[in-house]
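Asker: According to my numbering, the stretch in the sequence shown is residues 2 to 331, in order.
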Amino acid sequence: MKYTQLGRTGLKVSRLVLGTMNFGPQTDEAGSHAIMDAALESGINYFDTANVYGWGENKGRTESIIGNWFAQGGDRRERTVLATKVYGNMGVEGEPWPNQDKLSALNIRRAVEASLRRLQTDHIDIYQFHHVDRSTPFEEIWQAVDVLIQQGKILYAGSSNFPGYKIAQANETAARRNGTIGLVSEQCLYNLAERRAEMEVIPAAREYGLGVIPWSPLHGGLLGGVIKKEVEGGRRASGRSADALANTAVRAQIQAYEDLLEKHGLEPGEAALAWLLTRPGVTGPIVGPRTAEQLESALRALELELSEEVLEGLDEIFPGPGPSPEAFAW
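1. Using C-beta distances below 8 Å, list every residue in its chain close to Val113, excluding the 5 sequence neighbours before and after it, in chain order.
2. Tell me the residue span of the beta strand (DSSP E) that contains Gly159.
3. Could you give the DSSP three-state label for Gly212: helix, strand or coil?
4. Alpha carbon to alpha carbon, how far is Gly25 from Pro290?
5. Kindly identify the DSSP beta-bridge partner or partners of Val18.
6. Measure the CB-CB distance between Gly8 and Gly212 and report whether it falls below 8 Å.
7. For my contact list, Leu296 and Ile36 are in at a C-beta cut-off of 8 Å; report their separation, rounded to the angstrom.
8. Identify which residue in Ser242, Ser217 and Trp216 has its Cα closest to the Cα of Ile228.
9. Using only the alpha-carbon positions, how far apart do Glu173 and Ala293 sit?
10. Taking the C-alpha atoms as reference points, what is the distance between Arg301 and Glu271?
11. Between which residues of its own chain and Arg78 is the CB-CB distance below 6 Å, once the five residues before and five after are set aside?
12. With DSSP collapsed to three states, give me the class of Gln144.
13. Counting only the same chain and skipping the five closest in sequence on each side, list residues whose C-beta sits under 6 Å from that of Gly332.
14. Using only the alpha-carbon positions, how far apart do Leu17 and Glu58 sit?
15. Threshold first: 3 residues or longer. Then list the beta strand (DSSP E) segments lying entirely within the segment 182-266, N to C.
16. With a Cβ-Cβ cutoff of 8 Å, do Asn100 and His131 count as a contact?
17. Given Glu171, which residues of its chain have a CB within under 6 Å of its CB, disregarding the five upstream and five downstream residues?
18. Using the Cα positions of Pro204 and Gly165, report the straight-line distance between them to the nearest angstrom.
19. Quick check: what's the CA-CA separation for Gly180 versus Arg110?
20. Measure the alpha-carbon distance for Gly92 versus Leu305 and round it to whole angstroms.
21. Classify Ala84 as helix, strand or coil using the three-state DSSP reduction.
22. With distance defined between alpha-carbon atoms, name the residue in Ile214, Ile182, Thr137 and Glu94 nearest to Thr50.
23. Can you give the Cα-Cα distance for Glu94 and Trp56, rounded to whole angstroms?
24. Quick one: using the 10 Å Cβ neighbour count with 16 as the cut-off for buried, is Gln152 buried or exposed?
25. Name the one or two DSSP bridge partners that Asp49 has.
26. Cutting at 6 Å between CB atoms, please list the residues of its own chain near Val82, excluding the five before and the five after it.
27. What residues in its chain sit with their C-beta under 8 Å from that of Ser308, if we drop five residues either side in the sequence?
28. Would you list the residues sitting across from Thr5 in a DSSP beta bridge?
29. Where do the N-terminal and C-terminal ends of the alpha helix (DSSP H) with Gln295 fall, by residue?
30. Using a 10 Å radius around the Cβ and a threshold of 16 neighbouring Cβ atoms, would you call Met2 buried or exposed?
31. Under the DSSP definition of a beta bridge, which residues are partnered with Gln129?
32. How about Ser65 and Arg119: do their beta carbons lie closer than 8 Å?
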């Protein structure tokens, strides 16, 4: 396993991040525990979750699965850099009761305590804001974070789905507060097929020393060899991938992508992950395996070295937006 610093912090994390969103909805508890054991054995030490995972009436279930895994001992918690998120509605049903969601100091305090109980741990290493809260000033958010850090309940704060200007706003506010380090990471949608983060989000993250953690590295499976699977196994794309492939221009783009990788003897999903690992500012992509086999495939991406010919070919097929402001100005 390869490790790197998380942004400007001294924290060392693996270059692949284990995403747990499928634990509960797609993978049962025993299977989830087996995947976490395999990930830790392979050297992955960075696990990501969120309080809403499990979804619907089962939200919180994923954190509970992880907590039961920690409870088995064997230094599982001590060897894991644990990240979870706050923002979503954690009410039982329907519309949230006031202060059961978003980033008020009250909800942050309550949400941390609930996550700690489900996770069966005394602290969260990286506590992430799952979305921007346009109603709560960062002064209030950082005050709540300061208290939790002083109490030893969280160590760092991170963001997810923040635009560049909110990353700047958050860290400029933090800089005005004594002893507040500010955001240390940003989770954003970023992959070969969705490169808009390169224009503002990633430059802002790099400027402020945040580690970039891309989610959906295979763009909902679209970059995982969907056309090849249709042809070879009769396995048709579903969900977002099927909707995307219904567009003839997108289908032609994905076909060109798969043809390029086949020419070089590369598996599409592994190459898509390997490409992200070459990108400036990226700490490591989140992989969300439903099975042990999917985890093994993701791990192989760490060993891939994409040639200049392949990298240039990928840029031709999936051109990025270019830097800001040149991407939209002269």
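Just so you know, even glycine gets a beta-carbon here, dropped at the ideal spot from N, CA and C.
Answerer: On the basis of the supplied data:
1. Val87, Ile125, Tyr128, Leu149, Lys154 and Ile155
2. Ile155 to Ser161
3. strand
4. 12 Å
5. Ile287
6. yes
7. 6 Å
8. Ser242
9. 42 Å
10. 7 Å
11. Phe71 and Thr122
12. helix
13. This structure leaves residue 332 out entirely; the chain is present only between 2 and 331.
14. 30 Å
15. 184-190 and 212-216
16. no
17. It is Ala, not Glu, that sits at residue 171 in the sequence shown. Closer than 6 Å at Cβ, skipping near neighbours: Phe139 and Leu184.
18. 8 Å
19. 20 Å
20. 44 Å
21. strand
22. Ile214
23. 11 Å
24. exposed
25. Gly20 and Ala84
26. Val14, Asn46, Tyr47 and Asp126
27. His265
28. Val14
29. Ala293 to Arg301
30. exposed
31. Lys86 and Gly159
32. yes
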